[in-house]
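Enquirer:
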Amino acid sequence: MRKIHCLNAISKVGIDLLTDEYHLTDDINEAEVLMLRSASLHETEFSDGLLAIARAGAGVNNIPLEKCAGQGIVVFNTPGANANAVKELVIAGMILASRDIVGGIEWCQTIEDDPNIAKAVEKGKKAFVGCEIKGKKLGVIGLGAIGAEVANAAHGLGMEVYGYDPYITVKSAWRLSSQVKRTKKIETIYEECDYITLHVPLIEGTKGMINADSLKQMKDGVVILNCSRDLLVNDDDMEAALETGKVKKYVTDFPNPKSAQMKGTIVIPHLGASTEESEDNCAKMAVEEVVDYLENGNIHNSVNYPSCDMGACKTACRMAVMHLNIPNMISQVTGSMAARQINISDMTNKSKNQYAYTLMDLESAPDEDTIQKLREIEGIIRVRVI
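Residue numbers (our numbering): 1 to 386.
As structure tokens, then:
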């Protein structure tokens with residue numbers, strides 16, 4: 001019986017995919033898999049039996065990736081599962097910022113008891129006149145699963161769309177409309193666009209990327225949308241730009257003590273992926289990933305180990321070896337099999353940064369002594385027989 005511990009509520013649509021071989025446990029220390037959404041694991045000590053962590057969502061800043069990799073724990077996420085939900089929120093954010101709908105609603109609430117409210121709104125609505133997004137220029141920074149969806153949807157609404165992503169994948173490129181103008185320079189986005197939306201991960205190179213220097217390059221009255229990560233924007237610089245009118249509106253899905261108080265900011269309570277459909281999609285993908293890993297050793301959508309897929313094993317057994325990405329590892333592993341007269345019928349090896357993963361289909365099962373000898377090789381992190 002394989003045991004899974006959920007640190008957050010995981011959609012029943014995903015959990016129902018588990019067969020009778022799986023059991024949900026309340027004891028984190030006996031689980032082979034942890035599933036979570038927003039719970040933080042940075043202070044958690046992991047048991048030796050933990051094999052995988054599945055994040056039902058895209059961001060993994062709540063998980064200690066390097067620590068997990070060093071312990072042979074594969075961390076999965078679910079890229080693209082919540083893309084449509086975030087896309088719809090970004091489009092809504094652009095319209096809210098363009099039409100001052102929020103301001104109009106708040107004003108209506110102040111006169112809700114006025115018996116002549118119909119006449120009052122006809123006289124007062126001119127204070128909330130906005131503009132349409134059709135024909136405006138949108139800059140999408142980051143063209144992954146979400147960014148590409150936003151770009152395509154905005155083009156469909158009649159916007160002129162520019163996209164910037166120096167690391168765009170082939171899959172994302174195919175998904176992107178040919179009408180989106182890809183630029184090699186982020187400065188083009190800053191200088192040309194009326195609206196700018198961020199869809200990049202939070203890494204050292206992107207932290208505070210919207211700051212005084214980048215804001216200076218933008219059009220006066222630009223609208224900036226951040227449904228990606230809070231710290232991509234320098235709040236002090238954004239506040240100053242809002243005060244001067246350099247930025248017309250800042251739409252953020254990440255309330256904090258600063259942004260919640262800033263003039264001209266539309267603050268959304270982190271609703272990007274908060275739809276039933278998104279939670280179902282994320283849970284389903286997360287469950288499928290960990291089941292394939294546990295039962296076949298295959299890795300898809302891991303953020304700390306390489307992708308690797310050999311389908312289902314059709315021999316006596318499959319051996320999964322996690323190790324450092326250093327010379328002579330493959331020869332030592334295969335040599336151990338040869339020394340015990342165990343034939344390898346199929347094999348693949350993949351690496352990601354300093355870690356590597358080797359899958360071998362064996363024609364006979366290794367005994368415990370053979371497995372232990374493998375574990376004793378310097379650089380071997382985990383050996384698992386499936």
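Cβ atoms here follow ideal geometry from the backbone N, Cα and C, with glycine treated the same way.
(1) Rounding to the nearest angstrom, what Cα-Cα distance links Ala31 and Glu363 in this structure?
(2) Under 8 Å Cβ to Cβ from Ile133, same chain only, skipping five residues before and after it: list those, please.
(3) Quick check on DSSP: helix, strand or coil for Met94?
(4) Please tell me whether Gly142 and Val200 are closer than 8 Å, where the distance is taken between their beta carbons.
(5) Tell me whether Val290 sits in a helix, a strand or coil according to DSSP, three-state version.
(6) Starting from Asp190, trace the beta strand (DSSP E) both ways and give me its first and last residue.
(7) Give the secondary structure of Val452 by DSSP, where H, G and I count as helix, E and B as strand, and everything else as coil.
(8) Check whether the stretch 163-178 and the stretch 210-228 touch, using three or more Cβ-Cβ pairs below 8 Å as the test.
(9) Between which residues of its own chain and Leu50 is the CB-CB distance below 8 Å, once the five residues before and five after are set aside?
(10) Using alpha carbons as the reference points, say which of Ser278, Met322 and Pro255 lies closest to Asn298.
(11) What are the boundary residues of the beta strand (DSSP E) that includes Ala56?
(12) Could you work out which residue in Asp236, Val385 and Ile203 is closest to Val247 when comparing CA atoms only?
(13) Could you tell me the alpha carbon to alpha carbon distance between Val140 and Glu187, rounded to whole angstroms?
(14) Among the residues of its own chain, which have a CB less than 7 Å from the CB of Ile117, if the five just before and after it don't count?
(15) Can you give the Cα-Cα distance for Thr275 and Lys373, rounded to whole angstroms?
(16) Output yes or no for whether 8 Å exceeds the beta carbon distance between Val303 and Val86.
(17) Is DSSP giving Glu363 helix, strand or coil here?
(18) Taking only the alpha-carbon atoms, compute the straight-line gap between Lys314 and Asp361 and give it to the nearest angstrom.
(19) Beta carbon of Lys350, beta carbon of Cys317: below 8 Å?
(20) Relative to the C-alpha of Leu36, which residue among Leu24, Ala240, Leu7 and Val180 is closest?
(21) Measure how close the beta-carbons of Tyr162 and Glu192 come, nearest whole angstrom, since I'm counting them as under 8 Å.
(22) Our contact map puts Ala52 next to Val290 with C-beta atoms below 8 Å; I'd like the distance itself, whole angstroms only.
(23) Can you check which of these residues, Gly124, Ala9 and Ile91, is closest to Ser105 by C-alpha distance?
(24) Suppose the cutoff is 6 Å on Cβ atoms and the five residues either side in sequence are ignored; what does the same chain contact list for Phe76 look like?
(25) Enumerate in chain order the residues of its own chain whose CB-to-CB distance from Glu277 is below 8 Å, with the five nearest sequence positions on each side excluded.
(26) Grab me the residues of Ile28's own chain with a C-beta within less than 6 Å of its C-beta, minus the 5 sequence neighbours each way, in chain order.
Expert: Reading it off the structure:
(1) 30 Å
(2) Met94, Ile95, Ser98, Ala154, Leu157, Gly158, Met159 and Tyr195
(3) helix
(4) yes
(5) helix
(6) One detail in the question is off: residue 190 reads as Tyr in this sequence, not Asp. No beta strand (DSSP E) contains Tyr190, which is instead part of the alpha helix (DSSP H) from Ile186 to Glu192.
(7) Absent from the model: residue 452. The displayed extent of the chain is 1 to 386, so no value can be given.
(8) no
(9) Ala31, Glu32, Val33, Leu34, Gln71 and Ile73
(10) Met322
(11) From DSSP, Ala56 is part of no beta strand (DSSP E); its letter is neither H nor E.
(12) Asp236
(13) 12 Å
(14) Ile111
(15) 49 Å
(16) no
(17) coil
(18) 8 Å
(19) no
(20) Leu7
(21) 6 Å
(22) 5 Å
(23) The sequence as given places Ile at residue 105; Ser does not occur at that position. Ile105 has its Cα closest to that of Gly124, out of Gly124, Ala9 and Ile91.
(24) Ala54, Glu289, Asn301 and Ser302
(25) Asn84 and Ala85
(26) His5
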